[in-house]
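Trainee:
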Amino acid sequence: MMKEELIIAGFGGQGVLSMGKILAYSGVIQDLEVSWMPSYGPEMRGGTANVMVMISDKPISSPVVHEFDTAIILNQQSMDKFESMVKPGGALIYDENGIVKAPTRSDIDIYTIDAVAETVKMGNSKMFNTLILGGYLKVRPSIAIESVFMALKRSLPERAWKLLPDNEKAIKRGMEIIVKR
Amino acid sequence: MEEIKLMKGNEAVAIAAVRSGCDGYFGYPITPQSEILETLMAEKPWETTGMIVLQAESEVASINMVYGGASCGKRVMTSSSSPGISLMSEGLSYIAGAELPCVIVNVQRGGPGLGTIQPSQGDYFQAVKAAGHGDFDLIVLAPSSVQEMYDFVYDAFDLAFKYRNPVLILSDGAIGQMMEKVVIRPQTARKTNDEIIEECGSWAVTGKRGRTRNISTSVELDSVEQEKFNEKLQAKYKTIRETEVRFEEINCEDADFVIVAYGLCARISSKVMEMGREEGIKIGLLRPITLLPFPTERLNELSKRVKGFLVVEMNAGQMVQDVRLSVTTDVPVEHYGRMGGIIPAPSETFEALKRFINKLK
Amino acid sequence: MAGLKVEIKKENLVYKRTELLTDNTMHYCPGCSHGTINKLVAEVVAELGIEESTIGITPVGCSAFAYNYIDIDWIQAAHGRACAVASAVKRLHPEKMVFTYQGDGDLAAIGTGESIHACNRGENITIIYVNNATYGMTGGQMSPTTLMGMKTTTSPQGRDSSLHGYPFKIADMVAHLDGVSYVTRQSVHTAAATRKAKKALKKAFEKSLANKGVSFIEFVATCSSGWKMSPVASNKWLEDNMLQAYPVGDLKDI
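Residue numbers (our numbering), protein chains in the order written: chain A, 1 to 181; chain B, 182 to 542; chain C, 543 to 796.
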């Protein structure tokens, strides 16, 4: 049985919602059930954007949960809120840039990815969420990278397809730079 | 051709409108449902199916445009969110009074007043008890998935024309904003003017060519005649109650406790049911699909063998009153709800259920 | 009377009943302008030969029941909303003649928003606006177009601008809107005025049929019951007072 209950949380503008959308789309391509629920629910307001993504090989009951298999956390506010909501044995992925209070849990797998620094090296700040997505795919390989490439292509308008090679590179690079803490 | 797409509930409503052969949509922007009008404007159906889309100056204008279009026998609709639906009350009453078919979508947000743009089910009473002045009933459908947001547009038009009655799709900001997979049906052709005259010629205002004139109106100053009309309406509502009740039942056969919930809360409750069953608690779920007519009889049957009902809603306790009215036994009926745009999480809802069960022991 | 028909030879016939008017007895009070204006509408529709493709929208007020008198398809709208209803009907039936028939309370008070926006969108409809400066059906209350100093049941001391503002000249207002092609003000208080008004009404309908945007025709009208005057006195009062505040003539014709 395959089931992934995921939250991606950060600031508006970091590409949180679109990262979730690409993942959900990838799930559809793999003929899985998916749901994508943006910034709705308790204790989830105020300046931050987040999205809950469910991917499963069975019909999805609740698109809203408070216990996640994986949390991708991109700002301190979200860390404060969601660290405790990761299921024991689950995964937490974050970029140390902008995080002043690192996660402390020992019953989950914690990964860091130096995505902000990498975008500076790449000279392309727009690749931030794509790098993170790559890192996620490395440590939670429930979705095939080919499906993600296809999802990117299908969700972008044709005039933006010239951006696809850079995105694919960024995903692969993200897979390389994510490290387990 | 049938297609599968990932889309928001609001987008699904818009695409369903075009694909089902809707003739006209009239709406006014309000969060969290503006994607319906936005999607329709981006789709430009006037270039493909000939459907017209018009951004009105207010919800008051929107619903009266719907009144005009429906008077012509056209398949017309509007959508809004809670404060906007309040503005439509007068128009809904006129539409019911003139016995016109149309579809209204309410993507609910929290109130009262301007309230919050977050999801809510605070308009249940408004939808099923008091959509406007005078004795009239809407037919109310409650989708709990993006697929149902799509499918219920078709069902709503079918019911609206079957009974010449306004049909409300009562959704909420979460179902409107979330994305899921949707099976999209092939294009249904819009009815031609001749087909409309053939089907609705006895009442639709199309120009009186070949017949005596039709008048679309809700006014009757003679009380004796008005009461006769009221009785006719009530007879129609009785038929609807007898034939159109829809609900989904999961695991109720052996259930000790049944959760009653609709829309997003039914999805949350179905997770609660899974959590309960894992712990050996026999939980069932009854999900009303039509809120009006309400599955009164089925709830009463279940009340004779279950130990309790928990009604889960995003409001202060509205549908719970209809559950209590349905039940003729003394089985306990309790409510668990969150307000203000807060979605009850499965975990807290499960805790509420366990507290309820413990109280009964 | 049965013999009367054969007594009049065709060449001697100078006037006959408007065929598009029904046999229903009009409910309008003696001296009220609505009866004459209803008849003009019936005549214009018949002369244009469009009775089978015309849809009228009636308001709330005395003219709500105009649908009893003119033998065409009608929709009776909620108070003030006729222009919204007409907008949808015309867009769904672009080949049909669609018009609203509204009073000053309906069009210029509760329905100001719907009226102005239909004008601003340039809907291809004719708006027939009957301004008698009072709420006739509810018993003679003050309306937005009530004249300064005019006594009504809700302005018993006479309209006072510090309390009630000023007579609302909505025809002048809509004339400024780009969606409107024809604005005219007419009256039916004399036979000559009625003949002119009919010409204007016909022109308004022809412009709508040619999809030229909104035609807006205001009829400055009497309400002898609301004004508490005899029909003759009403016509005189209209000429001496109403036509001073609301002078007849074209305000826009493009």
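All C-beta atoms, glycine included, are put in the ideal place defined by N, C-alpha and C. As the structure is a prediction and not an experimental result, all values here were calculated from the model.
Check the Cβ of Val400/B against every Cβ in chain C and list those closer than 9 Å, keeping chain order.
Mentor: Position 219 of the second sequence, counting from 1, holds the residue named residue 400/B. Here the neighbours are Val602, Ala606, Phe607 and Gln618.
Trainee: Quick one: what does DSSP say Glu43/A is sitting in, helix, strand or coil?
Mentor: The residue labelled residue 43/A in the question sits at position 43 within the first sequence. Residue confidence for Glu43/A is low, a pLDDT of 44 falling below 50, so the modelled location carries little weight; the figure read from the coordinates is stated next. Three-state result, Glu43/A: coil.
Trainee: Taking DSSP's pairing of strands, which residues face Ile365/B in a bridge?
Mentor: Within the second sequence, residue 365/B is the residue found at index 184, counting from 1. Here Ile365/B is bridged, per DSSP, to Glu184/B.
Trainee: If you draw a straight line from the alpha carbon of Val179/A to that of Gln499/B, how long is it in whole angstroms?
Mentor: Position 179 of the first sequence holds residue 179/A. Position 318 of the second sequence holds residue 499/B. Roughly 50 Å between the two C-alpha positions.
Trainee: Do Val120/A and Gly98/A have their beta-carbon atoms positioned less than 9 Å apart in this structure?
Mentor: On the first sequence, position 98 is the one that residue 98/A refers to. On the first sequence, position 120 is the one that residue 120/A refers to. Contact: no.
Trainee: Report the rounded CA-to-CA distance for Trp161/A versus Lys153/A, giving the unit in angstroms.
Mentor: Indexing the first sequence from 1 puts residue 161/A at position 161. Indexing the first sequence from 1 puts residue 153/A at position 153. Each residue's Cα considered, the two are about 7 Å apart.
Trainee: Any C-beta of chain D within less than 8 Å: which residues of the region 16 to 30 of chain A qualify?
Mentor: The chain inventory of the structure shown lacks chain D, comprising the protein chains A, B and C.
Trainee: Run down chain B in chain order and give the residues with a C-beta less than 8 Å from the C-beta of Glu594/C.
Mentor: Here residue 594/C refers to the residue found at position 52 when the third sequence is read from its first residue. Per Cβ cutoff of 8 Å: Gly388, Lys389, Arg390 and Gly391.
Trainee: Could you tell me if Arg173/A is buried or exposed, where buried requires 16 or more neighbouring beta carbons within 10 angstroms of its beta carbon?
Mentor: Looking up residue 173/A in the first sequence gives position 173. Buried is the call here.
Trainee: Taking only the alpha-carbon atoms, compute the straight-line gap between Asn346/B and Ser703/C and give it to the nearest angstrom.
Mentor: Start at 1 with the first residue of the second sequence, and residue 346/B comes out as number 165. Start at 1 with the first residue of the third sequence, and residue 703/C comes out as number 161. Rounded to whole angstroms, Asn346/B to Ser703/C spans 46 Å at the Cα level.
Trainee: Given that Lys255/B touches chain C, what residues does it touch there, using C-beta distances under 7 Å?
Mentor: Within the second sequence, numbered from 1, the residue matching residue 255/B stands at position 74. Chain C residues near Lys255/B: Leu634.
Trainee: Listed in chain order, which residues of the region 356 to 367 of chain B have Cβ atoms closer than 8 Å to some Cβ of chain A?
Mentor: Gln358, Met359, Met360, Glu361 and Lys362
Trainee: Rounded to the nearest angstrom, how far is the Cβ of Gly645/C from that of Ser605/C, given a contact under 8 Å?
Mentor: Reading the third sequence from its first residue, position 103 is the one you call residue 645/C. Reading the third sequence from its first residue, position 63 is the one you call residue 605/C. Confirmed, about 6 Å.
Trainee: What's the C-alpha gap between Trp36/A and Arg448/B?
Mentor: In the first sequence, counting from the first residue as 1, residue 36/A sits at position 36. In the second sequence, counting from the first residue as 1, residue 448/B sits at position 267. Going by the C-alpha atoms only, they are around 14 Å apart.
Trainee: Against chain B, which members of the region 663 to 681 of chain C pass a CB distance test of less than 9 Å?
Mentor: Arg663
Trainee: Using DSSP with H/G/I as helix, E/B as strand and the rest coil, what is Trp161/A?
Mentor: On the first sequence, residue 161/A is found 161 positions in, with the first residue counted as 1. Trp161/A: helix per DSSP, three-state reduction.
Trainee: Would you mind listing the beta strand (DSSP E) stretches within the region 668 to 694 of chain C that are 3+ residues and don't spill past its ends, in chain order?
Mentor: 668 to 673
Trainee: Using a beta-carbon distance below 9 Å, is Arg701/C in contact with chain B?
Mentor: Taking the first residue of the third sequence as position 1, residue 701/C is located at position 159. So no, Arg701/C is outside the interface.
Trainee: Could you have a look at Val501/B and say whether DSSP puts it in helix, strand or coil?
Mentor: As a first step, residue 501/B must be located in the second sequence, where it is residue number 320. In the structure shown, Val501/B sits in a helix (DSSP, three-state: H, G or I).
Trainee: Anything in chain B within Cβ reach of Pro38/A, meaning under 7 Å, just list it in chain order.
Mentor: Here residue 38/A corresponds to residue number 38 of the first sequence, with the count starting at 1. Within chain B, the residues near Pro38/A are Gln358.
Trainee: Determine, using beta carbons only, whether Arg394/B comes closer than 9 Å to chain C.
Mentor: Stepping through the second sequence from its first residue, residue 394/B is reached at position 213. The C-beta of Arg394/B comes closer than 9 Å to at least one C-beta of chain C.
Trainee: For Gly20/A, which of Ile55/A, Asp31/A and Thr48/A has the nearest alpha-carbon?
Mentor: Walking along the first sequence from the start, residue 20/A turns up at place 20. Closest option to Gly20/A, Cα to Cα, is Ile55/A.
Trainee: Determine contact between the region 522 to 533 of chain B and the region 570 to 584 of chain C, defined as no fewer than three beta-carbon pairs at a distance below 8 Å.
Mentor: no
Trainee: For Ala436/B, which option in Lys485/B, Asp316/B and Lys389/B has the closest C-alpha, if you only look at C-alpha atoms?
Mentor: As a working note, residue 436/B is residue 255 in the second sequence. Out of Lys485/B, Asp316/B and Lys389/B, Lys485/B has the C-alpha closest to the C-alpha of Ala436/B.
Trainee: Have a look at Leu562/C, Phe761/C and Asp714/C and flag the residue whose alpha-carbon is nearest the alpha-carbon of Glu781/C.
Mentor: Position 239 of the third sequence holds residue 781/C. The shortest Cα separation from Glu781/C among Leu562/C, Phe761/C and Asp714/C belongs to Phe761/C.
Trainee: At least one CB of chain C closer than 9 Å to the CB of Ala198/B: is that the case?
Mentor: For the purposes of this step, residue 198/B is taken as residue 17 along the second sequence, with counting starting at 1. No, Ala198/B lies away from the interface with chain C (no Cβ there is under 9 Å from its Cβ).
Trainee: Quick one: what's got a C-beta closer than 6 Å to Pro103/A's C-beta in the same chain, skipping five residues either side?
Mentor: Position 103 of the first sequence, counted from the start, is the residue given in the question as residue 103/A. Contacts found: Glu83, Leu92 and Ile110.
Trainee: Considering Cα atoms alone, identify which of Val241/B, Ser239/B, Met246/B and Asn191/B is closest to Tyr206/B.
Mentor: Walking along the second sequence from the start, residue 206/B turns up at place 25. Tyr206/B has its Cα closest to that of Met246/B, out of Val241/B, Ser239/B, Met246/B and Asn191/B.
Trainee: Would Leu445/B be called buried (16 or more neighbouring beta carbons within 10 Å of its own) or exposed?
Mentor: Along the second sequence, read from residue 1 onward, the residue named residue 445/B stands at position 264. Answer is buried; the Cβ neighbour count reaches 16.
Trainee: Hey, quick one: how far does the beta strand (DSSP E) through Pro527/B stretch, first residue to last?
Mentor: Along the second sequence, read from residue 1 onward, the residue named residue 527/B stands at position 346. Pro527/B -> not in any beta strand (DSSP E); alpha helix (DSSP H) instead, spanning Pro527 to Leu541.
Trainee: Assuming Gly265/B is part of the alpha helix (DSSP H), what are its boundary residues?
Mentor: Residue numbering aside, residue 265/B sits at position 84 when the second sequence is read from its first letter. For Gly265/B, the enclosing alpha helix (DSSP H) covers residues Ser263 to Leu268.
Trainee: Would you mind sorting Arg633/C into buried or exposed? The rule is 16 or more other CB atoms within 10 Å of its CB.
Mentor: Taking the third sequence and counting its residues from 1, one reaches residue 633/C at position 91. The residue in question, Arg633/C, is buried, as its Cβ has 16 or more Cβ neighbours within 10 Å.
Trainee: Expressed to the nearest angstrom, what Euclidean distance is found between the alpha-carbon atoms of Val28/A and Glu361/B?
Mentor: As a working note, residue 28/A is residue 28 in the first sequence. As a working note, residue 361/B is residue 180 in the second sequence. If you take the alpha carbons of Val28/A and Glu361/B, they lie about 9 Å apart.
Trainee: Give a yes or no on whether 9 Å exceeds the smallest Cβ distance from Arg479/B to chain A.
Mentor: Start at 1 with the first residue of the second sequence, and residue 479/B comes out as number 298. No, Arg479/B lies away from the interface with chain A (no Cβ there is under 9 Å from its Cβ).
Trainee: Would DSSP call Asn245/B helix, strand or coil?
Mentor: Here the question's residue 245/B lines up with position 64 in the second sequence. Reduced to three states, the DSSP call for Asn245/B is helix.
Trainee: Taking Ser595/C as the reference, which of Ala624/C, Arg737/C, Tyr609/C and His635/C has the closest Cα?
Mentor: To locate residue 595/C, count along the third sequence from 1; it is residue 53. Closest option to Ser595/C, Cα to Cα, is His635/C.
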